[in-house]
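Under my numbering, think of the first position of the sequence shown as 22, with each following residue one higher. Encoded as structure tokens, the structure appears first; notes follow it.
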Amino acid sequence: MCGIVAAVAQRNVQEILLEGLKRLEYRGYDSAGMTVFNDGVLTRHRALGKVAALTAQLDKAALPGFSGIAHTRWATHGKPSEANAHPHHSSDQVAVVHNGIIENYEAIKESLQRSGYAFSSETDTEVIAHLLSEKLADGLSLFDATQQIVNGLGGAYALGVMCAQEPGVVVGARQGSPLVVGVGINEAFLASDPLALLPVTDRFIYLEEGDLVELREQGAIRIVDRHGNDVERPIHTFEHGDGAASKGDYRHYMLKEIFEQPTVIEAALEGRLSAQSVLIESFGPDALALFQRTRHMHIIACGTSYHAGLVARYWLERYAGVPVQVEVASEYRYRHPVVPEGTLFVTLSQSGETADTLAALRFAKTLNYVGSLAICNVPGSSLVRESDMSLMTRAGPEIGVASTKAFTTQLVALMLLTLSVSKAKNQVEYLDIIAALRTLPEVCQRVLALDSQIEILSQAFAEKHHALFLGRGAHYPIALEGALKLKEISYIHAEAYPAGELKHGPLALVDSEMPVISVAPNDDLLEKLKSNLQEVRARGGKLFVFADESVGIDVQEDIRVLTLPHVHEALAPLLYTLPLQLLSYHVAVLKGTDVDQPRNLAKSVTVE
Ligand code: F6R
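Given below as structure tokens:
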């Protein structure tokens, strides 16, 4: 999604803005631009493609200045092009960068055109620049003008705006898209994500919905809430350090993040298990009472987070005896869900800013749920702030667009939820699972050590156009996640099925050109899975099986088997995710795709 960086500093801001944009590249984008107050005028550079293209322009014509706004654009209204790239200007008097979608822009545009404003882009954003220009002409300050116009904007936005009349001022606004204020020493900044500003500060204010902020020289920051009242918001120190935002010795962020999983799984467990028990208080002081009242759960999420929810359904029903419904947020929010008495509403999100998930939470709050729980990776995010309870996954910043460590730490959090609900409702502790959780980081380490063998397997996929993933039980969602990873970063068409469903249709696709990937832990569905694999072999399909060391599937010409260390059956979905991530990664590297920023995708999906 689009990214915003803005600065009012005591030094040249060009490099701060450029570095910020590079750090936002992970969000996915197709063009970039920057406006700086330079020599008495607002001067702009924009470029189609990567931030490197903008950097090349600035190498030829620098943009020195003490205040500026910058943007990476992920096209929604209008194709990727220089003319549609932000910032958008109105008569070189006003400059605007915007994340989100202005839903009523067409009506506003028509009215502005009738007043004589000429448009130079196809974007929804340009209306904001002209609306501000109109208000400034009436004599309003930039802050007051912004406050007046945002009331008329429908949809979602995070904004950064400047005007030629007020050189050392940047105004920001937030409604539905994330925006943080970076607090420097006599300097102040804005960004879509704290990561963008880590070279200049580690202190951040997370703006609330409806907030307006004004940055002025000497680091002055004024925040006004949606009702127009001046407010003080707390300053948070960023805990993860700047190392999280660098690749280190790894070729890609995704690979680094895959290999971080033993460490972050350990972090996700830290302080949440006692010697013999799960600590329900990890979910907050009210968790025990709420879990005791919980008779059903609705789990809502998108994409990879949705797959984590699907795994959790198997766990919660089997180990905690709670019926669970799992649904993608974009469907849930437009249904008329029936909420049985005693239902807990659970959202899963890496970013905590996914527009559909957030909208689902807001909708759920109008229904008769007993409470809401967010399982999330970003502490100050909207989802966390707006939920009754939250549990942080502690994966640290995830830069690769394809989610890896965020997913496995969500699974850890969901297993802690399962154990907590079981204890709260049924007084049952699964000591064997608790013991297995403790050894999980070490077992994951052993799976990651198979990397070079998985890299060899990946060679069989580089020329393929399709792949099928199979799993049964809680490994069906793992097959879905494996297929999603392969699609996202290697652009190979992949589908996942519960293995028992194969014969009801998809078997027609199987021939010698179709690689079929299956996960085969040693669980009570193993024998049934083996029969399904025979169905594939009988049609000439090429099987790639990730199997428990004890299952005894023989390697043959048409079956390649990679054995994984044994793990408690309940935790196998976590472990079997790792080889599928590595497989997709190596296939993508062989195909030469942009692994960390796959085409058309964005990291934090803050538009509907
Ligand atoms: C896929 C991926 C996406 C996200 C989805 C939800 O690798 O990362 O499918 O899982 O966009 O994002 P969050 O978890 O931030 O709500």
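Heads up, the beta-carbon is just placed ideally off N, CA and C, and yes, glycines get one too. None of the values given here were measured: they were computed from a predicted structure.
Through-space distance from residue j to residue i, alpha-carbon basis
i              : j              : result
arginine 272   : proline 519    : 34 Å
tyrosine 597   : glycine 401    : 31 Å
methionine 535 : serine 511     : 16 Å
glutamate 578  : valine 557     : 14 Å
serine 533     : leucine 554    : 14 Å
alanine 350    : valine 626     : 12 Å
alanine 177    : aspartate 453  : 47 Å
asparagine 621 : glutamate 36   : 27 Å
glutamine 114  : arginine 415   : 44 Å
serine 605     : proline 619    : 12 Å
glycine 54     : alanine 91     : 6 Å
valine 201     : leucine 583    : 45 Å
isoleucine 574 : alanine 488    : 21 Å
histidine 98   : isoleucine 123 : 10 Å
glycine 70     : histidine 317  : 47 Å
leucine 228    : arginine 195   : 7 Å
glycine 421    : alanine 185    : 37 Å
alanine 27     : aspartate 165  : 19 Å
Opening and closing residue of the alpha helix (DSSP H) in which residue i lies
i              : result
isoleucine 499 : 497-511
glutamine 196  : Run containing glutamine 196: none in the alpha helix (DSSP H); it sits in the beta strand (DSSP E), 191-196.
Beta-carbon gap between residue i and residue j smaller than 8 Å
i                 : j                 : result
methionine 183    : valine 171        : no
isoleucine 580    : leucine 564       : yes
glutamine 168     : leucine 233       : yes
phenylalanine 259 : aspartate 223     : yes
serine 111        : leucine 174       : no
valine 299        : alanine 495       : no
isoleucine 499    : valine 540        : yes
lysine 446        : glutamine 313     : yes
glutamate 208     : glycine 240       : yes
serine 142        : histidine 109     : yes
threonine 76      : valine 117        : no
glycine 503       : phenylalanine 482 : no
glycine 305       : methionine 436    : no
Beta-carbon contacts of residue i that lie in its chain and below 8 Å, excluding the five residues immediately before and after
i           : result
leucine 382 : Ile321, Phe366, Thr368, Ser393, Ala395, Leu404, Glu407, Ser408
leucine 469 : Ile279, Phe280, Gln282, Pro283, Leu599, Leu603
Residues of its chain near residue i, where Cβ-Cβ distance is below 6 Å and the 5 sequence neighbours each way are ignored
i            : result
leucine 337  : Val343, Val345, Thr439
leucine 471  : none
glutamine 78 : His66, Ala68
valine 616   : His273, Met275, Ile510, Ala609
leucine 45   : Gly24, Thr93, Ala217
glycine 561  : Asp532, Ser533
Cβ neighbours of residue i in the same chain (closer than 7 Å, five flanking residues each side left out)
i             : result
arginine 493  : Pro519, Ala520, Gly521, Leu546, Lys549, Leu550
glutamine 371 : Ser326, Asn398, Glu419, Ser424, Ala427
aspartate 377 : Cys323, Ala350, Ser351, Arg354, Glu629
leucine 84    : Gln35, Met55, Val57, Asn59, Thr64, His66
lysine 268    : Tyr274, Lys277
valine 464    : Pro586, Val588, Leu596
Boundaries (first-last residue) of the beta strand (DSSP E) holding residue i
i              : result
asparagine 120 : 115-123
alanine 27     : 24-29
leucine 211    : 209-212
alanine 53     : 52-59
threonine 584  : 580-585
aspartate 569  : 563-569
isoleucine 226 : 224-227
histidine 514  : 514-519
glycine 492    : 487-492
Curious, which full-length alpha helix (DSSP H) runs of at least 4 residues does the region 339-373 contain? 350-353
Uninterrupted beta strand (DSSP E) stretches inside the region 64-109 (no shorter than 3 residues): 88-94
Length at least 3, wholly inside the region 269-322: the beta strand (DSSP E) runs in chain order: 317-322
If we require 4 or more residues per run, which alpha helix (DSSP H) segments fall completely within the region 378-406? none
In chain order, what are the residue ranges of uninterrupted beta strand (DSSP E) at least 3 long that sit wholly in the region 133-183? none
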